[in-house]
Amino acid sequence: MSVTLYICATCRSSRSAEHDVDGRTGGELLADALQIQRNDSKDADLQLRRFDCLQACSRHCVVHLRSPGKIGYVIGGLPPTSESAQTLLNYAREYRQSADGVVPYAAWPPGIAEHFIARIPPLDQDD
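Sequential numbering from 18 applies to the sequence shown in the working numbering.
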């Protein structure tokens, strides 16, 4: 099943800096790092998409992970680094393997726990 990771392209680089020294946003830097680290053979069904503003501006470098029929997650407060990109990709791989979007805590990659902002019900869930 396809998994999409939306990256907020307009996110700040840090709490105190909107852009890096080259004028790029943290979201742009994180999106580029994700693209570089994405493994085409291992991540064929993982889509990376940039999105202008996920409106979680108090937490820089925000992403939204979702898949049809699964719980989605908003994750943020990450530095725009290759390490953050690897952490997100590792979590996305575990998420992809889950039946409902719930990744067992023991499978969480180091450094992800303090970055969850919201848990989103599946889009096709009936009340």
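Ideal Cβ positions, reconstructed from N, Cα and C, are used throughout, including at glycine.
Can you tell which of the options has the C-alpha that lies nearest to the C-alpha of residue i?
i      : options                        : result
LEU95  : ILE137, PRO139, PRO121, ALA130 : ALA130
HIS77  : THR98, PRO127, SER19           : THR98
VAL79  : ASP60, THR104, LEU47, GLY86    : LEU47
LEU140 : ASP69, ALA102, SER84           : SER84
SER75  : THR27, SER58, THR104, PHE68    : THR27
ARG67  : GLY128, THR104, GLU45          : GLU45
ASP49  : LEU65, ASP60, SER115, ASP117   : LEU65
ASP60  : GLN114, GLU100, TYR90          : GLN114
With a Cβ-Cβ cutoff of 8 Å, do residue i and residue j count as a contact?
i     : j      : result
CYS25 : LEU82  : no
ARG29 : GLY43  : yes
VAL20 : LEU63  : yes
GLN54 : LEU22  : no
ILE88 : PRO138 : yes
GLY86 : THR104 : no
Look at the alpha carbon of residue i and the alpha carbon of residue j, and state the distance between them as a whole number of angstroms.
i      : j      : result
MET18  : ARG110 : 11 Å
ALA73  : ILE92  : 9 Å
TYR112 : TYR122 : 11 Å
PHE133 : TYR108 : 12 Å
GLY118 : ASP69  : 24 Å
Within 7 Å: the Cβ of residue i and any heavy atom of the ligand ZN?
i     : result
VAL80 : With respect to the ligand ZN, the structure offers nothing, as it holds no ligand at all.
Assuming residue i contacts residue j (C-beta within less than 8 Å), just tell me the rounded distance between them.
i      : j     : result
ALA135 : LEU51 : The Cβ separation is near 20 Å, so there is no contact.
(message) Suppose only complete runs of 4+ residues qualify. What are the alpha helix (DSSP H) ranges in the segment 35-123, listed by chain order?
(response) The qualifying runs are 43-54, 99-114.
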